[in-house]
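> Residue numbers (the numbering used here), protein chains in the order written: chain A, 38 to 159; chain B, 38 to 159. Virtual Cβ for every residue (Gly too), placed ideally from N, Cα, C. Please read all numbers here as calculations on a predicted model, not as lab measurements.
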DNA sequence: GGATTATATAAGCTATTTCTTATATAAAAT
DNA sequence: ATTTTATATAAGAAATAGCTTATATAATCC
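(1) Would you verify that the beta carbon of residue 52/A is, or is not, closer than 8 angstroms to some beta carbon of chain B?
(2) Could you list which residues in chain A have their beta carbon closer than 8 angstroms to that of residue 74/B, in chain order?
(3) Considering Cα atoms alone, identify which of 94/A, 81/A, 127/A is closest to residue 44/A.
(4) Specify the secondary structure class of residue 75/B as computed by DSSP and reduced to three states.
(5) First and last residue of the alpha helix (DSSP H) that includes residue 47/A?
(6) Indicate the three-state DSSP secondary structure (helix, strand or coil) for residue 9/B in the structure shown.
(7) Given a cut-off of 8 angstroms on the beta-carbon distance, is the pair residue 104/B and residue 67/B in contact?
(8) So what does DSSP say about residue 144/A, is it helix, strand or coil?
(9) With a threshold of 8 angstroms, are at least 3 pairs of Cβ atoms found where one atom belongs to the region 119-131 of chain B and the other to the region 40-54 of chain B?
(10) When Cβ atoms are compared, which residues of the region 90-107 of chain A fall closer than 9 angstroms to chain B?
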């Protein structure tokens with residue numbers, strides 16, 4: 038879960054890819070259209086599109102010799118679904134954080150400022 | 038706007054920082070607590086916290102010799118506000134994309150598949 | 001079939017990020 | 001005062017990411 042989310046956030050955290058995502062929110066575009074619109078090299082666009090596709094952010098549709106890309110999922114409305122799920126999930130049920138949660142519950146608070154043993158963990 | 042958003046997404050797109058953010062959603066924690074909970078070195082934690090703080094994702098509160106960090110903003114509910122704003126914003130009003138929008142409207146569609154001049158841009 | 005167009009991929013370089021180790025600062029405890 | 005505790009910062013190494021140039025693939029056009 039963290040791995041997938043990290044991939045999505047990394048893919049979005051780059052200025053050219055952020056621009057691509059916003060442009061695709063207007064309409065589906067092919068590589069050569071993005072090339073003309075962004076004014077950057079074709080390999081650079083293809084490479085960024087690959088990152089976005091591998092993150093599940095865009096879909097590809099082939100038509101003749103063209104590849105058209107469009108936004109996938111809930112991105113259009115501004116929600117990054119995987120992040121929302123991650124933050125809303127019950128931490129006690131997240132395998133990737135089980136070690137950390139156990140340590141959090143057993144913090145030796147003689148050394149810390151608060152009474153951890155009494156704090157309510159969800 | 039893109040710059041600020043990029044900073045936030047880059048800050049979140051890293052596994053240790055994603056864990057920190059989730060742990061801070063449980064409660065405020067100081068550096069030494071995070072050190073004990075995550076089981077990684079103190080400088081590494083301080084460095085990640087600096088990235089999160091510079092992105093406006095966490096707040097710092099000093100108490101005695103401790104620094105307590107807590108989640109800022111709407112992150113708790115899973116919304117990345119700056120991304121939501123970015124995606125919902127009217128592209129025609131975004132200075133960072135004015136060049137691209139102009140090119141998009143003037144795409145030479147003899148070369149492309151669709152009738153761009155007639156397409157409705159928001 | 002050969003040329004052109006659209007896209008993808010690979011290789012090498014540069015820039016950025018992350019981690020470790022060491023050191024600095026500053027408050028607290030003795 | 002000196003030592004201990006908590007945190008921050010700096011420097012260097014290692015890993016990762018992004019860009020350019022060149023080449024590959026594959027469909028279309030003549």
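Here's the rundown:
(1) yes
(2) Within chain A, 137, 140, 141, 144 have C-beta atoms less than 8 angstroms from the C-beta of residue 74/B, given in sequence order.
(3) Minimum Cα distance to residue 44/A is reached at 94/A.
(4) Note: residue 75/B maps to helix in three-state DSSP.
(5) 39-49
(6) Residue 9/B lies beyond the stretch modelled for chain B, which goes from 38 to 159, so this question has no answer here.
(7) yes
(8) coil
(9) yes
(10) 100, 101, 103, 105
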